[in-house]
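As you go down the protein sequences, you meet chains A and B in turn.
Okay, so the first sequence: first residue is 1 according to the numbering used here, each after it adds one.
Okay, so the second sequence: first residue is 346 according to the numbering used here, each after it adds one.
A virtual CB, placed ideally from N, CA and C, is assigned to each residue, including glycine.
Notes to accompany the following structure.
There are 2 protein chains.
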Amino acid sequence: MADRVVISVDAMGGDLGLQATVPGALRALDARPELDLVLVGDETLVREAIERSGGLVHLEAGRLRVQHASQVVAMDDLPSRALRMKKDSSMRVAINLVKQGEAQACVSAGNTGALMATARYVLKTLPGIDRPAILTAIPSIKGHTRVLDLGANVDSSAEHLFQFAVMGSVLASAVDGLQAPRVGLLNIGEEEIKGNDQVKEANRLLAASSLNYIGYVEGDDVFSGEVDVVVCDGFVGNVSLKTMEGVAKMIAHFMKEEFTRNPLTRLAGLIALPVLRAFRRRVDPRRYNGASLLGLRGIVIKSHGGADGLALANAIDVAIDEVHLAVPQRIDHQLEALLTERQAV
Amino acid sequence: MADRVVISVDAMGGDLGLQATVPGALRALDARPELDLVLVGDETLVREAIERSGGLVHLEAGRLRVQHASQVVAMDDLPSRALRMKKDSSMRVAINLVKQGEAQACVSAGNTGALMATARYVLKTLPGIDRPAILTAIPSIKGHTRVLDLGANVDSSAEHLFQFAVMGSVLASAVDGLQAPRVGLLNIGEEEIKGNDQVKEANRLLAASSLNYIGYVEGDDVFSGEVDVVVCDGFVGNVSLKTMEGVAKMIAHFMKEEFTRNPLTRLAGLIALPVLRAFRRRVDPRRYNGASLLGLRGIVIKSHGGADGLALANAIDVAIDEVHLAVPQRIDHQLEALLTERQAV
Numbered sequence: 001m002a003d004r005v006v007i008s009v010d011a012m013g014g015d016l017g018l019q020a021t022v023p024g025a026l027r028a029l030d031a032r033p034e035l036d037l038v039l040v041g042d043e044t045l046v047r048e049a050i051e052r053s054g055g056l057v058h059l060e061a062g063r064l065r066v067q068h069a070s071q072v073v074a075m076d077d078l079p080s081r082a083l084r085m086k087k088d089s090s091m092r093v094a095i096n097l098v099k100q101g102e103a104q105a106c107v108s109a110g111n112t113g114a115l116m117a118t119a120r121y122v123l124k125t126l127p128g129i130d131r132p133a134i135l136t137a138i139p140s141i142k143g144h145t146r147v148l149d150l151g152a153n154v155d156s157s158a159e160h161l162f163q164f165a166v167m168g169s170v171l172a173s174a175v176d177g178l179q180a181p182r183v184g185l186l187n188i189g190e191e192e193i194k195g196n197d198q199v200k201e202a203n204r205l206l207a208a209s210s211l212n213y214i215g216y217v218e219g220d221d222v223f224s225g226e227v228d229v230v231v232c233d234g235f236v237g238n239v240s241l242k243t244m245e246g247v248a249k250m251i252a253h254f255m256k257e258e259f260t261r262n263p264l265t266r267l268a269g270l271i272a273l274p275v276l277r278a279f280r281r282r283v284d285p286r287r288y289n290g291a292s293l294l295g296l297r298g299i300v301i302k303s304h305g306g307a308d309g310l311a312l313a314n315a316i317d318v319a320i321d322e323v324h325l326a327v328p329q330r331i332d333h334q335l336e337a338l339l340t341e342r343q344a345v
Numbered sequence: 346m347a348d349r350v351v352i353s354v355d356a357m358g359g360d361l362g363l364q365a366t367v368p369g370a371l372r373a374l375d376a377r378p379e380l381d382l383v384l385v386g387d388e389t390l391v392r393e394a395i396e397r398s399g400g401l402v403h404l405e406a407g408r409l410r411v412q413h414a415s416q417v418v419a420m421d422d423l424p425s426r427a428l429r430m431k432k433d434s435s436m437r438v439a440i441n442l443v444k445q446g447e448a449q450a451c452v453s454a455g456n457t458g459a460l461m462a463t464a465r466y467v468l469k470t471l472p473g474i475d476r477p478a479i480l481t482a483i484p485s486i487k488g489h490t491r492v493l494d495l496g497a498n499v500d501s502s503a504e505h506l507f508q509f510a511v512m513g514s515v516l517a518s519a520v521d522g523l524q525a526p527r528v529g530l531l532n533i534g535e536e537e538i539k540g541n542d543q544v545k546e547a548n549r550l551l552a553a554s555s556l557n558y559i560g561y562v563e564g565d566d567v568f569s570g571e572v573d574v575v576v577c578d579g580f581v582g583n584v585s586l587k588t589m590e591g592v593a594k595m596i597a598h599f600m601k602e603e604f605t606r607n608p609l610t611r612l613a614g615l616i617a618l619p620v621l622r623a624f625r626r627r628v629d630p631r632r633y634n635g636a637s638l639l640g641l642r643g644i645v646i647k648s649h650g651g652a653d654g655l656a657l658a659n660a661i662d663v664a665i666d667e668v669h670l671a672v673p674q675r676i677d678h679q680l681e682a683l684l685t686e687r688q689a690v
């Protein structure tokens, strides 16, 4: 029998709160037999939600328990305020459980800034990592591409970009089972004005390392399947991610408009419905939910604020995989090896 | 009768060269009666291409003339090399015609870096403009959004971002006929770690100006139709534009795969074809071809390197509109007014 995996879930986080976290948790318990969950939040409310969703059986079987927390971090709370004033928030308590070894990973759909600040404060970064980064899988023509940083850092230095590359490479190697993930550095295509100083220097560091560095890539390469890990500053990565969401929404909007234009187009839409549904499943953002906060001494997964139960269950899946693969330990080892290698040159 | 508009076209530029520029030029002449064109390039080759495309009638009518240039800027020529070594390139001569007053605007599908460097060297920037910027219209749910800079500048300062905002606002006001275009500054959504110093300072400058500044926007807002002009550093803008292209291509690829999966889905695709075609027309990037190099003492329009005739004709359309609306003069006046206003505070 596989070892048990215990994950703490910030049950109050996200736009939908308990309406998403509890159904998501129950779905994950059904799907992953090795999983035990701790739902953190207002005990009465969480228990009520579990009962409503028909989850009492898991409570009785001991696979699910509720840990009380008296506060909630709001989606617009400043990270500093959450850190100072909300020491008994569901988010903080869920992360504390990882620190205390009572859970092996934490999942939260709460405010990203607060989650990052709290996780960093409670868990600390790995040796050699200056700043944690946010990584997620983005669909590509051939599968997916892992992109980091997606907004934890602005004004990343060359050294930061190098650390992101190491973390992304380790994650892709472990989770996607790739021997030597192809790592690309996001840049723009104009000659001479190519890149800023940080990107150019990071390019030098990466080219001199034993990572499988393939050089500069551009914004459209993320989707081509020709690169496994794309490294960028958080400002750029966040804009790129939001651009992707915006384009996808606009295209969906236009498609709907065209198919509902008149009775004839509606009929065509009806006939094409199974195909359109298969298409939609393929680009369903819920399937890609669960961003990793990398560089910490522990596993923390950020679920999208608007995630529903299906999406949250996917984020829990990501957490379980990272537990099985001991991602933080692997990053630690790989970074140490690469820095030793650099000093030896 | 409307005044004649004379546009010079770099006939050798772009991936397709004469195969795209000559048909594009003829298409534009047919569509815009006020237009005269100067095609710049190897005289023999250009004349042959005109003859092949049935354009002799325009040559004879005097609406089209050929200006010889002995060199061509390659798509991978370094801007500095193009500037120093290719003084008789079709690109350079086409821009010279604007400088000399023989054309009122220039269109080129050549290498962006070389075009920007040459245009800046030959035409110079407007007073008060430190760096020209590249602007294009990007489709949105409600029409389009104008975004700049798209790659002419990296590491833009707050003052540069402010100048971009003025240029974008003037262009949207003139070309889209908007009284007070809504200007947004591209940023990321995380509180506290929000933005870098340049963006924060630009936010202050814009908020204090009489532009219709609506504050920070995120990557997905470009497509929502809630903002008319989005201002950003060229690195970020270029990545965002390429991301958009990449997502659109990936979605088209998935759609095609789903509709060609088996005979049944093929049939559904056949029935849905008119709708899918209407949809494709709507997001056809050729309709958005023609990026403006703003901040120069003259009008220069960059056509996409891969543009075909239809796309190139669209870029010529953009040039004609900017001539009619005297865009550089308007930018000059507006910038002067805003800087005077700032000093008066």
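- Message: Taking the alpha-carbon of A/S80 as reference, which of A/Q67, A/N111, A/C106, A/G13 has the nearest alpha-carbon?
- Response: A/N111
- Cβ shell of B/S398 (< 6 angstroms), same chain only, five flanking positions each side left out: V367, P368, L371.
- Query: For B/H413, which option in B/E396, B/S434, B/D475, B/V402 has the closest C-alpha, if you only look at C-alpha atoms?
  - Reply: B/S434
- Query: According to the neighbour-count rule (16 or more other Cβ atoms, all chains shown, within 10 Å of its Cβ), is B/H505 buried or exposed?
  - Reply: buried
- Could you tell me if B/R549 is buried or exposed, where buried requires 16 or more neighbouring beta carbons within 10 angstroms of its beta carbon? Exposed, since its Cβ has fewer than 16 Cβ neighbours within 10 Å.
- Message: In whole angstroms, give me the CA-to-CA distance for A/R92 and A/L241.
- Response: 27 angstroms
- Measuring CA to CA, which of B/V574, B/Y633, B/A597, B/I486 is closest to B/L531? B/V574
- Chain-order list of residues whose beta-carbon lies under 7 angstroms from that of A/H304 (same chain, five-residue window excluded): A109, N289, A311
- Query: With distances taken from CA atoms, which of B/N557, B/V581, B/A464 is nearest B/V544?
  - Reply: B/V581
- Item | Candidates B/A613, B/R622, B/F624, of which the one nearest A/P274 by Cα | B/A613
- Using DSSP with H/G/I as helix, E/B as strand and the rest coil, what is A/H68? strand
- Query: For A/D30, is the classification buried or exposed, using 16 other Cβ atoms within 10 angstroms of its Cβ as the cut-off for buried?
  - Reply: By the neighbour-count rule (16 or more Cβ atoms within 10 Å), A/D30 is not buried but exposed.
- Query: Does A/D220 come within less than 8 angstroms of chain B when only Cβ atoms are used?
  - Reply: Yes - at least one Cβ of chain B is within 8 angstroms of the one on A/D220.
- For B/H678: DSSP bridge partner residues: DSSP, once it has assigned bridges, lists no residue as partnering B/H678.
- Query: Closest Cβ-Cβ distance between B/G496 and chain A: below 8 angstroms?
  - Reply: yes
- First and last residue of the uninterrupted alpha helix (DSSP H) at A/P274: 263–283
- Item | B/M346 to B/A517 span [Cα, whole Å] | With a pLDDT of 44 at B/M346, under the threshold of 50, the modelled position of that residue is not reliable, and no figure is offered here.
- Message: Is it the case that the stretch 324–333 of chain A contacts the stretch 356–363 of chain B, given that we only count it when at least three CB pairs across the two stretches are under 8 angstroms?
- Response: no
- Do you know offhand how far A/Q100's Cα is from A/E43's? 20 angstroms
- Return no unless some Cβ of chain A is closer than 8 angstroms to the Cβ of B/R627. So, interface residue.
- Quick one: which chain A residues come within Cβ less than 9 angstroms of B/H649? In chain order: nothing, as chain A lies at least about 12 angstroms away.
- Task: Determine, using beta-carbon pairs with one atom in the stretch 162–176 of chain A and one in the stretch 137–151 of chain A, whether at least three such pairs fall under 8 angstroms.
- Result: yes
- Task: Using a Cβ cut-off of 8 angstroms (strictly closer), state whether B/H598 contacts chain A.
- Result: So, interface residue.
- Over the uninterrupted beta strand (DSSP E) stretch that includes B/S435, give me the two end residues. First-last for B/S435: 435–444, but that is the alpha helix (DSSP H), not the beta strand (DSSP E).
- Item | Residue-level contact to chain B via CB, A/D15, 8 angstroms cutoff | no
- Message: Can you check which of these residues, A/G184, A/A152, A/Q343, is closest to A/L293 by C-alpha distance?
- Response: A/A152
- Could one say the Cβ of A/L123 lies closer than 8 angstroms to chain B's Cβ atoms, at least one of them? no
- Item | Stretch-stretch touch, CB-based, cutoff 8 angstroms, three pairs: the stretch 293–302 of chain A with the stretch 115–123 of chain A | yes
- Query: From the beta carbon of B/I616, is the nearest beta carbon of chain A less than 8 angstroms away?
  - Reply: Under the 8 angstroms criterion on CB atoms, B/I616 is classed as interfacial with respect to chain A.
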